[in-house]
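The C-terminal position of the sequence shown is numbered 106 in this note's numbering, with every residue numbered one higher than the one before it. Note that CB positions come from ideal geometry on N, CA and C, so glycine has one too. A short worksheet on the structure shown next.
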Amino acid sequence: MSIIEKMSKIVNDGDVAAGEKMIHDDYQFLMHSSGNKLGKQDILKWLGMKDVKKEKVRVLFENDEVGFEHAFVSYKDGNKEAVMTYYKYKDGKVVYMETGATKLPK
1 MSIIEKMSKI VNDGDVAAGE KMIHDDYQFL MHSSGNKLGK QDILKWLGMK DVKKEKVRVL
61 FENDEVGFEH AFVSYKDGNK EAVMTYYKYK DGKVVYMETG ATKLPK
């Protein structure tokens with residue numbers, strides 16, 4: 001199973017323990033909407049909320065250094081987005097992520 005496939009399962013399951021293992025301690029997530037960066041503990045807390053479901057995940061490219069995916073994401077509040085994600089890997093873990101999202105009709 002690729003790192004992207006593992007991360008998709010972790011997100012869908014809200015599996016904080018698995019997230020702890022797959023997310024590098026130096027992890028950063030860039031939020032384009034605000035310019036803020038979230039760290040590992042922020043993302044683990046978010047995972048525990050089980051707010052997101054990813055569907056139709058397509059791995060567009062992946063090697064030992066980077067990965068790109070496209071997925072349809074649904075949130076508990078009913079919002080939906082088409083999301084493109086860039087992953088950067090370090091030591092076999094996710095160390096950096098950026099997303100670009102397009103809102104979809106509910």
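Just to confirm, are Ala101 and Val66 a CB contact at a threshold of 9 Å?
no
Does DSSP put Gly48 in a helix, in a strand, or in coil?
helix
What ranges does the beta strand (DSSP E) occupy inside the segment 21–97, keeping only unbroken runs of at least 3 residues that lie completely in it?
23–30, 37–39, 52–62, 66–75, 80–90
At the level of alpha carbons, what is the spacing between Tyr86 and Lys76?
23 Å
Have a look at Val52 and Lys90 and give me their C-alpha separation to the nearest angstrom.
25 Å
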